[in-house]
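Undergrad:
Residue numbers (the numbering used here), protein chains in the order written: chain A, 515 to 973; chain B, -4 to 385; chain C, -1 to 175; chain D, -8 to 986.
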């Protein structure tokens, strides 16, 4: 397969196949460093704190959160949407970029998908915890019961149950199916021992047979084909939690695609935040290159701009609608008591990513890191703005109210960070963070060594 | 591969024939059925927007692929380029609606506006409307003219800097288009139902025109292939175009259902009024629209094999094209004409035939101007050396 | 059961591998298997593997999932216990779309993965033969199975002729035999 | 286990017997209070439950006759209703008490009363809870030592007889409305010649009485007829809230302002006041004056009227020109006009009386022949009593329910003086501050445990009968006095014979008497049309007016003290339902506060919640639009101890501010010193935003507009109705389709419905902290908005709107519940399956009306997890739980709840109709809010029944629905408010219209 010489190599440092395996599996061998232990300990601490906050929530009741009769959802659902959004990058990278033949996905899809799975786990916690009666949460499943009562298929929350669990399952399968050849690689590097046995079991007996590869590729493509609309559907359905209502600021038709764009936007930001650190810590600079970062930044600017246009569209339509409630909702967003949240959102989501129009910034790791964190913050506030500022002043001014979180809500949020990073630290320790086989498959077309060769050949 | 397209006399005659047929149909239509002024103007808007949409969709296709540094599309780039360079033609076709605005846009009757429409006056007034129209059409025409110009220049000049200029203009075009595609859809289509609003409307309209442009690109491609050109385009390219048609048809359906579901669900009269008009007065077309625009391409292009068959693709593309014509019809007629006075008769068919064939004529002319494959394109070679995963 | 004998030859470049395979096939020798560290393009064509039927499986499962999900929802709302929710029609088709779609995807994805695992004979705890541990690293292995048509020696010879390195005879020990 | 609860039959067999036979009961009760909650339940709750069942299996009531239902026997699970009378020292209201399984669980108005027609007030509704108050005195106590009733009584009798002849025996009581009790006291006076009766009212109306002493020769309060008035002018009389008898007045007022196709006339209400009162907020025209100027205003009005009538005028006071139009209105209405004043100043009331005389109101809107028998206290006598105490002339003070330590105008002086009195006895059914200063504390029964009667307007009688055996070792007041008199008869016998002799005028123990008595007891009310003719004499106002004119104008801040709608005079302070009731004007609960005008706040740079100190009393500031710039208004009745798990003093008692050396207490005073305190206090409020933001929520019109077009102010309804497109057909409601209508023109915002709803539906009380967090649980709230034309503060008006679940047929909440816990019934009710609810609160988010309430904590004790109950007010104590309505589920933590249209009542009546084989008659089903409403503003019925009231209202041009443009199709409808004014604030409302 020919690749144009003006394209940047995706693997630098003139790597051979063997070097690829060696480089990527290196962090898993030997004793983990102090940094790793410190990180894991911090994550576990946060997790424990979150656990305590969850205990308080369940034991005392949702009253331990800052919600009230007007604002039924606050940090909890904000965090839910935020985490689900972050959980969109992985599958987007592996599925949609696969369909669009974007080869640069190979270096980052593995870890991005892992993040997806962990983020969805974190996200899934919130709809459970925000229930007033968590122990009866199983009512949401349509199971035959003595009352002969099923569930309400009209409810977007119920759609969420299906969407999130399907998304989690499919993402997990997709991720794991991609992982087995690499687990096979690790297995084959290990000498006999318990570790080898575990990896052997985990590898499902992967052999690398050409027949298996053919089937694997075919399956991956179809899975990608399925996962692509799935990614769209998940955040679309999440958006419908709001958009199906009649609440001004919630009920707007642009929500499904705009939420998806926002999700990819925030997901990419989170992947960037973590990958910039990880590539440094695990010495993967040759695999996750500045070129990769730039490509991701391009996605960020695209999705960020889509989100920005959606903001403006909403704003204009609120005015254009001529509806008192709609108009007020948007004026209130910008100039009401929560104006600061709105302007944080606007600054972080619309203005900062525009810096990526400059190639220098797009290719600067430091700038990217900072902007990615801005985007993470901005996207959190976007959900906060949508949920809280829409609810706190809706139709009847008599019920207007204010909301601020309690330590319990903050604690649960911190706890999900603990969960996410605990999983992430374990992941980088026990699994290869870059898809070994996939990088090898593009090495010839996009490796530095081969591109140079190709270019010479042409001339 | 370096074959230059020759717009033969024979072809011109065929196209002329089509135009004549169109004119005859139109005139017959005018005599057979009573065509109200509203219906006349609505059809002018429909066809004008159709042609603008085709050019714009194609222009966007080119720009987005340039900016995304996509390789495969180099092989067919000249077709959307030719289409995109005809935005001026669309502009000529759509600008006349300014003279029929009173027949199309309820809000232009400033003498008796209700409260809500009065509130909208700062935006919905004829002079601002006309100004915006000129900005949209002028902007698109100019920016795409630059893209086309640079693209043609690079046929002679292998300088990579030209490619960077191409990227720059594509970028500007996309930014401009991102905003104006929505606002123009609000202006020209959404404001027909002046009270109604939907935030998704702009994007929905955009996806419609994009899918339609892809369908027409396929149609042109297959026609050229039948005429013995574009032999360099292989199954892989067809496969990719098929995937596009398939994928964006699904995406169109996704936006369609998103808008419909949310409005259906909340059932607020100020929003449902739009769909009630369509479901009640145009029930068959309403469902036909979904079937033709989504179900048909979905099943037709589901399998790998069909995407790689030129004929199969060609006919699917025609079906999709008709589907999006219906989509536009549904966007315009219920509000501008109403279910009692509108119909799809000889007049509609004839008029659209005229517009489409005139457009085709100019596109063929544009195709004849340059090599069918962009020379010196940095992804030129890459475009012919790739393979779809099975 | 008799233990099969396999002759393996190793390559270190996919290009070499493909050239070698083509040569081996010219000699009329059946290639039992090829082991590669990553999917090598065009290999399945050369080895004349049939196109996988997994897509069809996925399609059928997806359609089945969609139909089941839709019919179930319709049954619950109209037959099992018709309840008026917010004045919506009992058969509220638009409401059923999300779950129908999700179930279609879920059915398709699960059947695809299981189809792949079952068809490939791999899975948790599956026993497979690994001819050479380098094949998951950087080595490309051509495997020829000894049978009536080809003897071990001939196979080794063929492999050597096409430039394979590290030619070996492998007799896997099956635990259960 | 012993029966603790007894039938009333046994009650009659004698207290002595009961006391002897049931000592364990006493011990039980004592133990119960000491023991832990769980033990309490074991001893008490269980025995209550079983005893209640046992008791009800017997034929319990021989003499107390159930009113509505007279079954062969009382069956468990079936409620009985007993007629009785509510009287708390302020107003008296004939009531019905709903008793289930031996427990009174709800109070309704007695619809046989021709004065209230079944109306109640918030206090009436809530008074039920005081019955189940654990802080009530439970045993007779002498100097902190418990003793038996016999011991206490004999001690007291002995001490009374030992008193010197020149020492007075003073009975200190609030106004006694019970004629039989008054006769008992008269008997007492015969036995003890040095007996003296002093009436101590918690709020003085002495001024009116004194004035009428001059006008008609007897110090009466006339009976006002707001229903007969066409023009009502009130000077600071909060007659819809607290003035005299607000429940009756609200009923009258609503009648006078009811507008319908038949009567297209409404009374015009002009209100002068210094702070925003409930009544003022309902007025058509409202003038803000300083309290110190009220007299002058009235005098000017008098002069203006006299001039317009061509009568001689008196000394001018300077406001004549301002009052021209008001006077003109009055003159037009002539004898159909009514002027009232809330002042306690004799001079002021004399002017008012003269104005009414000028108008010819006597015999029409002011009845002097039929006097009001409330508030009989006279300030002069109260002062005299205090002086007597100080001078040592008093030998015994027996306080009966009057709580002088709190209510006495100079309570500190009183407390000091009382120390030297030989014998002090406090008879009380509630915990009182007085008890700690008195030697004897005798627990009297709650009015629901007592026999009594009432004549609150001459000729209007009402009986009170016990509906439960006394919970503690208490005796009713009649019985206590009877015992002191040494009479062997029981209170029931005494009252019966008293009625026989004096009221029913029948020969004893004849059949005629028996049936009349039975009927009266069953009806609860009795009236005779006898009246005393009184001559109204013409007054010369010159002396009065010169006194008024001479008054120096106050140039500075003034404090106005008023009674709040919820807590009133403070007697019912210990009542969580009332404490959590948001004030209808300020929407604040759980505290009193200094209400100031926004302009004063701006001037002084005070923000809401800033604590200020006025002459030694610190309270937080509340910014109240509609207050006079120089007026600080503050509620009386606070500063009392609230019992419960966390006993605390609620608010501050501001009575000390009013203690000037005046004979007659005035409820306003000038401020000597105001200091800002560097502290803030968060007031608990249920509404923080007060403008409708241009939304057509409350729709109103003026009378003249209405007469031109009955749909005026509601034009958008027809337009919206036209545009009601839908993407799916509405469901058919084949049987009933319940609907409710609220006439915004009738609703005064009195809050009776809110409490009625809470009582009926076991709505939890959450406490101040939870209200601060907007966690209040009321299913029904009364939204209050201010409207004002731009740049015209005088155009400030108040509109109110009771909002409960709207039972939308296209309910946005139902769609989104994932577990189908809320859905639509076949009769159009938006229903909640509490046991299915998992608490996602999604429904609440989606509710445009925000009427759903979430159980944030375990407020009720229904949660499965132990030790997590959040019950700030002790509402889950085992005794208080007896008040729960067994027909309504007590909701657990984490569950959404909301108005159910009183589904339990609907089912009950449907079942009855089915059993009787008759179709359900419109008006049979009354929701709790509807039944409690004194203004009859709420109508409930079946809109499928073409002849029902609600069906008629569906066709009323005033009909609209809240947020109807959303097409939620609410089953609750509203009728526009019609103001009798020229100008309307309606124009300010942005109408959303379509072409």
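The C-beta atom is built at its ideal place from N, Cα and C for all residues, glycine as well.
1) With burial defined as no fewer than 16 other Cβ atoms inside 10 Å of the residue's Cβ, what is the status of residue 412 of chain B: buried or exposed?
2) Chain D partners of residue 263 of chain B, CB-CB under 7 Å?
3) Take the Cβ of residue 3 of chain B as the centre, count every other Cβ of all protein chains shown within 10 Å, and call the residue buried at 16 or more, exposed below.
4) Measure the alpha-carbon distance for residue 59 of chain D versus residue 324 of chain D and round it to whole angstroms.
5) Note the first and the last residue of the continuous beta strand (DSSP E) segment covering residue 417 of chain D.
6) Taking the alpha carbon of residue 871 of chain A as the reference point, which residue from A:819, A:683, A:662 has its own alpha carbon closest?
7) Quick one: does residue 521 of chain A have its CB under 9 Å from some CB of chain B?
8) With C-beta atoms as the reference, is residue 54 of chain B less than 9 Å away from residue 172 of chain B?
9) Can you tell me whether residue 182 of chain D is buried or exposed, with buried defined as 16 or more other CB within 10 angstroms of its CB?
10) Could you check whether the Cβ of residue 126 of chain C sits closer than 9 Å to any Cβ belonging to chain A?
11) Quick test of the definition: if touching needs 3 or more C-beta pairs under 8 Å, does the region 726 to 734 of chain A touch the region 808 to 815 of chain D?
12) Give the single residue among B:359, B:114, B:346 whose Cα lies nearest to the Cα of residue 16 of chain B.
13) By Cβ distance below 7 Å, which residues in the same chain neighbour residue 238 of chain B in space, the five residues on each side in sequence not counted?
14) Measuring only between beta-carbons, confirm whether residue 37 of chain C sits less than 9 Å from chain A.
15) Do you know how far the Cα of residue 188 of chain B is from the Cα of residue 109 of chain B?
16) Counting Cβ pairs, one atom from each stretch, are 3 or more of them under 8 Å apart for the region 587 to 601 of chain D and the region 615 to 622 of chain D?
17) For residue 122 of chain C, is the classification buried or exposed, using 16 other Cβ atoms within 10 angstroms of its Cβ as the cut-off for buried?
18) Is the region 667 to 678 of chain D close to the region 380 to 389 of chain D, with three or more CB pairs under 8 Å?
19) Buried or exposed for residue -1 of chain B, please, with buried defined as at least 16 other CB atoms from any protein chain shown within 10 angstroms of its CB.
20) Taking residue 729 of chain D as part of the beta strand (DSSP E), name the residues at either end of that continuous run.
21) For residue 141 of chain C and residue 680 of chain A, which I take to be in contact (beta-carbon distance under 8 Å), what is that distance rounded to the nearest angstrom?
22) Flag residue 66 of chain B as yes if its beta-carbon sits less than 9 Å from any beta-carbon of chain A, otherwise no.
23) Under a CB-based cut-off of 9 Å, is residue 197 of chain B close to chain E?
24) Between residue 896 of chain A and chain B, is the shortest Cβ-Cβ distance under 9 Å, so that the two count as touching?
25) Rank D:312, D:372, D:429, D:195 by C-alpha distance to the C-alpha of residue 333 of chain D and give the top, closest one.
26) Return the CA-CA distance between residue 898 of chain A and residue 593 of chain A, expressed in angstroms with no decimal places.
27) Mind checking which residues open and close the beta strand (DSSP E) that includes residue 328 of chain D?
TA: Looking at the coordinates:
1) Any question about residue 412 of chain B goes unanswered here, given that chain B covers just -4 to 385.
2) Taking the first residue of the second chain as 1, we reach residue 263 of chain B at position 268. 957, 958, listed in chain order.
3) Within the second chain, numbered from 1, the residue matching residue 3 of chain B stands at position 8. So residue 3 of chain B counts as exposed.
4) Numbered from 1 along the fourth chain, position 68 holds the residue referred to as residue 59 of chain D. Numbered from 1 along the fourth chain, position 333 holds the residue referred to as residue 324 of chain D. Interpretation of residue 59 of chain D is limited by its pLDDT of 41, a score under 50 that renders its predicted location unreliable; the figure taken from the coordinates is listed afterwards. About 42 Å.
5) Counting from 1 along the fourth chain, the entry for residue 417 of chain D is found at position 426. Counting along the chain, the beta strand (DSSP E) containing residue 417 of chain D begins and ends at 414 to 419.
6) Numbered from 1 along the first chain, position 357 holds the residue referred to as residue 871 of chain A. It is A:819.
7) What you label residue 521 of chain A is simply residue 7 of the first chain in a count that begins at 1. Yes, because at least one Cβ of chain B sits closer than 9 Å to the Cβ of residue 521 of chain A.
8) To locate residue 54 of chain B, count along the second chain from 1; it is residue 59. To locate residue 172 of chain B, count along the second chain from 1; it is residue 177. A contact, by the Cβ cut-off of 9 Å.
9) Counted from its first residue, the fourth chain places residue 182 of chain D at position 191. It is exposed - the Cβ of residue 182 of chain D has fewer than 16 other Cβ atoms within 10 Å.
10) Taking the first residue of the third chain as 1, we reach residue 126 of chain C at position 128. Closer than 9 Å: yes.
11) no
12) Position 21 of the second chain holds residue 16 of chain B. Closest option to residue 16 of chain B, Cα to Cα, is B:346.
13) Numbered from its first residue, the second chain carries residue 238 of chain B at position 243. These residues qualify, in order along the chain: 302.
14) Position 39 of the third chain holds residue 37 of chain C. For residue 37 of chain C, the answer is yes, since a Cβ of chain A falls inside 9 Å of its Cβ.
15) Against the second chain, residue 109 of chain B aligns to sequence position 114. Against the second chain, residue 188 of chain B aligns to sequence position 193. Computed Cα separation, rounded: 14 Å.
16) yes
17) For this step, residue 122 of chain C is matched to residue 124 along the third chain. Residue 122 of chain C should be labelled exposed.
18) no
19) Walking along the second chain from the start, residue -1 of chain B turns up at place 4. Flag for residue -1 of chain B reads exposed.
20) By one-based count along the fourth chain, residue 729 of chain D stands at place 738. Run containing residue 729 of chain D: 729 to 734, per the beta strand (DSSP E) assignment.
21) By 1-based counting over the third chain, the position of residue 141 of chain C is 143. By 1-based counting over the first chain, the position of residue 680 of chain A is 166. Actually they are not in contact, since the Cβ atoms of residue 141 of chain C and residue 680 of chain A sit about 39 Å apart, beyond 8 Å.
22) In the second chain, residue 66 of chain B corresponds to position 71, counting from 1. Residue 66 of chain B counts as touching chain A.
23) No chain E is part of this structure, whose protein chains are labelled A, B, C and D.
24) As a first step, residue 896 of chain A must be located in the first chain, where it is residue number 382. For residue 896 of chain A, the answer is no, since every Cβ of chain B falls outside 9 Å of its Cβ.
25) Residue numbering aside, residue 333 of chain D sits at position 342 when the fourth chain is read from its first letter. The option with the nearest alpha carbon to residue 333 of chain D is D:195.
26) Against the first chain, residue 898 of chain A aligns to sequence position 384. Against the first chain, residue 593 of chain A aligns to sequence position 79. Answer to the nearest angstrom: the Cα atoms are 9 Å apart.
27) The count along the fourth chain starts at 1 and reaches residue 328 of chain D at position 337. Residue 328 of chain D -> beta strand (DSSP E) spans 328 to 332.
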